[in-house]
Amino acid sequence: LAVYVSDQVPQILIGDPGRIRQIITNLVGNSIKFTERGHIYLTVHVVEEVMSCLEVETGIQNTNTLSGYPVANRRRSWESIRLFNRELHSSEKSFAPIASDSISLVISVEDTGVGIPFEAQSRVFTPFMQVGPSIARIHGGTGIGLSISKCLVGLMKGEIGFASKPHVGSTFTFTAVLMRAHCKGNDIKSSEFKGINALVVDHRPVRAKVTKYHLQRLGVKTELTAELNQFISKLNSGSLTAKLVLIDKETWLKESHCTPLLVNKLRNNDKPDSPKLFLLGSSASSPKGGSDTSREHNLNVIMKPLRASMLQVSLRRALGGVDKVHCRNGVVGNSTLGSLLHKKQIIVVDDNIVNLKVAAGALKKYGAEVTCADSGKKAITLLKPPHNFDACFMDIQMPEMDGFEATRRIRVMERDLNERIERGEAPPECASIQRWRTPILAMTADVIQATHEECLKSEMDGYVSKPFEGEQLYSEVARFFQNHDQVE
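When you line the sequence shown up against the UniProt record's numbering, it's residues 1 to 488, in that order.
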C-alpha cells in the first residue's frame with residue numbers, strides 16, 4: 001500500500017475534504033477487499049500531467065509497477081479525463097471554474113486484485129450492484145460505495161472512470177476541481193531535516209519514487225539508485241554524500257550476493273559521520289534474511305506503508321534527535337509513557353468510531369483513564385471549566401465543528417474563568433488554581449508545517465500523529481506530565 005502525490009500539486013487547496021476522503025475511502029476499501037497479493041497504489045496528479053502521459057501511454061501491460069505485478073491498462077481509466085479536460089476548457093456554462101484560480105486534480109487507486117468480469121463492468125456504478133453471489137459471500141458489502149463515489153465526484157464537477165481486467169486488477173480514476181489557496185510562501189516542508197541528503201536503493205522505479213516523495217516532503221534531498229553495488233561503490237570511493245541510506249527489503253534480498261561485502265564494509269567503517277542505514281520492510285516482521293544483520297550492524301527497520309510521521313520519528317531517532325525529551329522545566333530522564341499517563345484523566349475527541357477506539361485503547365495501554373467524545377460540540381460541553389480532565393486529544397477534521405474551532409471555543413471559556421479567578425469570583429473548586437488551561441493536542445495524519453501553524457493559531461498545545469507513534473507521543477505528553485505535582 002503506497003501513496004504518491006506529484007510535486008505539481010500545491011500543498012494547500014480549497015475544496016471539500018470530506019467528499020474527497022469519502023471517495024478515496026470507498027475506492028481503497030474496495031481494493032483492500034479484493035486484493036490478496038501485489039499492491040494498492042494511490043496517486044494524485046494535476047490533469048495536465050495525465051494529459052501529457054496519455055499521448056505516450058500504450059495498451060501494453062506493464063510490469064514496471066509498484067510491486068512488479070502487471071496492472072490493468074490505465075489508458076481506459078483515463079479516457080474520461082481527456083473528455084473532461086476538453087469540456088472543462090471549452091464549456092461556457094456558468095459553473096465553469098476560473099482557470100487562474102482553479103486546479104483540476106486526477107486521483108487514481110490502482111490495485112492488482114481479482115478485477116471485474118467484463119460482463120459486469122457496465123454496471124459497476126449501479127446502486128447495490130454485486131458482481132455475483134460468491135463475491136458478496138466472500139467479501140461482503142452492499143455494492144453502494146461506487147455509486148456514492150460517482151455522485152460525490154459529480155458534486156465536485158469531476159468525472160470517474162476505471163479500467164479492469166479479470167485476474168489482473170483494477171484502476172479507478174476520478175477528477176475534482178478545487179481552488180488554489182493564496183497563502184504566503186509555498187514551501188511548507190519541515191525544516192528539521194534541512195540540509196540532510198538521502199540515498200534510496202531500490203530496483204523498482206515506481207516504489208523508489210514513492211520513498212523519495214515521502215522523504216522530500218520532510219525536506220530531505222533524495223537521490224535514487226537501483227543497485228546495491230552502486231551504493232557499495234560510493235562507499236568505497238568516498239563519494240557518498242548521503243547521511244541516510246534507505247534500502248528496500250526486496251532489493252536487499254535480491255542482491256544478497258552483495259550483502260557480505262556491504263556488511264564487511266560497515267564493520268570496518270567506524271567514522272562518526274558514517275551513513276545511517278535503514279531497511280524498508282513490507283510486513284510486521286523484520287526482513288527475512290536481514291533481521292540478524294539489522295540488529296548486529298544497527299540497520300534501522302522502517303515498515304511500510306510509509307507515513308511522513310513515522311519517517312519523521314525514525315529519522316530523528318537515527319540522527320540522535322530524541323536522546324532526551326525537553327520540557328518547560330528541564331529534561332525528562334528515563335520516564336516512560338506509563339509513568340507519565342498513569343491515572344491521568346484524558347478526553348479523546350474524534351468523529352470516527354474506529355479512530356476513537358484505537359486512540360483510546362493506546363492511551364489506556366499506558367494507564368490513562370479515557371473519556372471519549374465523537375464531536376467537537378460534545379468536547380466543549382465536557383471541557384467547560386472547571387472539570388477533572390488533565391488533557392485532551394482532539395481530531396482536527398470533524399463535520400459540523402472541526403478541532404480548531406472547538407479548541408478556540410474552549411479557550412474562550414477558559415479565559416472567562418481566568419478573569420473570574422483574577423477578580424476573586426472563582427467557584428470553590430478553583431480556589432487553589434491561579435490559571436486554568438487544559439493541554440489540547442491535535443490528532444492528525446498530516447505533519448506538514450501548515451498544520452502545525454494552524455494548531456498554534458487555534459491555541460492548541462501541539463499535535464500527535466494518527467495512529468500514535470510512541471516517541472512522538474512521549475515527547476508531547478512529557479511537556480505537561482513531567483511529574484505528578486506539575487499537573488494543574
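All C-beta atoms, glycine included, are put in the ideal place defined by N, C-alpha and C.
Remember, predicted model here, so these are calculated numbers, not experimental data.
Could you tell me whether the Cβ atoms of residue i and residue j are closer together than 9 Å?
i: L199; j: L244; result: yes
i: K344; j: A368; result: yes
i: residue 494; j: T43; result: Residue coverage of the chain in this structure runs from 1 to 488, which leaves residue 494 outside it and unanswerable.
i: F278; j: L299; result: yes
i: Q312; j: L383; result: no
i: C392; j: V348; result: yes
i: H45; j: V9; result: yes
i: M401; j: M443; result: no
i: G113; j: S149; result: no
i: T211; j: L155; result: no
i: E110; j: H39; result: yes
i: L152; j: R19; result: yes
i: L441; j: M413; result: no
i: K466; j: S237; result: no
i: I433; j: F389; result: no
i: L13; j: R180; result: yes
i: F162; j: V124; result: yes
With DSSP as the reference, identify every bridge partner of residue i, one or two as the case may be.
i: residue 493; result: Given a span of 1 to 488 for the chain in the structure shown, any question on residue 493 remains unanswerable.
i: L279; result: I247, V301
i: L224; result: V200
i: I40; result: D111
i: G462; result: L441
i: H387; result: None; H387 has no bridge partner.
i: E369; result: Q345
i: Y474; result: DSSP output for Y474 lists no bridge partner at all.
i: residue 492; result: Any answer about residue 492 is impossible in this case: the structure gives the chain only from 1 up to 488.
i: A431; result: Answer by DSSP bridge pairing: none, since A431 is not bridged.
i: I14; result: M179
i: A2; result: Y41
i: V46; result: L105
Between the alpha carbons of residue i and residue j, how many angstroms are there, rounded?
i: H167; j: I116; result: 8 Å
i: S147; j: T126; result: 6 Å
i: P287; j: V50; result: Confidence is the limiting factor: at P287 the pLDDT is only 44, short of 50, which leaves the residue's position unreliable, though a coordinate-based value still follows. Spanning the two alpha carbons is a distance of roughly 36 Å.
i: F480; j: P385; result: 18 Å
i: N352; j: L235; result: 48 Å
i: S314; j: G462; result: 19 Å
i: S335; j: K365; result: Because the pLDDT of S335 is 44, which lies under 50, any placement of that residue in the model is unreliable, and the question is left without a value.
i: D416; j: A426; result: 10 Å
i: E36; j: G145; result: 20 Å
i: G195; j: T241; result: 11 Å
i: R423; j: Q397; result: 37 Å
i: H214; j: V47; result: 22 Å
i: T225; j: Q216; result: 16 Å
i: M303; j: D248; result: 10 Å
i: K378; j: S52; result: 49 Å
i: P399; j: P17; result: 10 Å
i: S274; j: S475; result: 27 Å
i: F193; j: L340; result: 29 Å
i: G15; j: R411; result: 28 Å
i: Q11; j: S164; result: 31 Å
i: H182; j: E250; result: 42 Å
i: L306; j: G158; result: 29 Å
i: S458; j: H387; result: 21 Å
i: residue 490; j: E419; result: The chain is shown from 1 up to 488; residue 490 falls before or after that span and cannot be answered.
i: E223; j: K276; result: 15 Å
i: V354; j: I24; result: 17 Å
i: L266; j: L319; result: 17 Å
i: C455; j: Q230; result: 43 Å
i: L178; j: R21; result: 14 Å
i: H452; j: G403; result: 13 Å
i: N197; j: S239; result: 13 Å
i: H342; j: L246; result: 37 Å
i: R435; j: G376; result: 23 Å
i: V477; j: P439; result: 9 Å
i: Y41; j: T381; result: 41 Å
i: S233; j: A445; result: 38 Å
So is the beta-carbon of residue i under 8 Å away from any non-hydrogen atom of the ligand SAH?
i: L253; result: Ligands are entirely absent from the displayed structure, and the ligand SAH is therefore not among its contents.
Checklist line | Cβ contact (3+ pairs, closer than 8 Å) linking the segment 244-254 and the segment 166-175 | finding: Short answer: they don't touch.
Notebook entry, point to check: Given 8 Å as the limit, is there contact between the segment 27-40 and the segment 3-19, that is, 3 or more CB pairs closer than that?
Noted result: Remark: fewer than three beta-carbon pairs, one from each stretch, lie closer than 8 Å, so the segment 27-40 and the segment 3-19 are not flagged as touching.
Checklist line | Every unbroken alpha helix (DSSP H) within the segment 144-218, with a cutoff of 4 residues, ordered by chain | finding: For the segment 144-218, the full-length alpha helix (DSSP H) segments reaching 4 residues or more read 145-155, 205-217 along the chain.
Margin query: Counting beta carbon pairs with one atom in the segment 356-364 and one in the segment 400-415, are three or more of them shorter than 8 Å?
Written below: Contact fails between the segment 400-415 and the segment 356-364, because fewer than three Cβ pairs, one in each stretch, are under 8 Å apart.
Next item on the list: Flag this pair as touching only if the segment 200-211 and the segment 63-70 have three or more C-beta atom pairs under 8 Å; answer yes or no.
Entry: Touching, yes.
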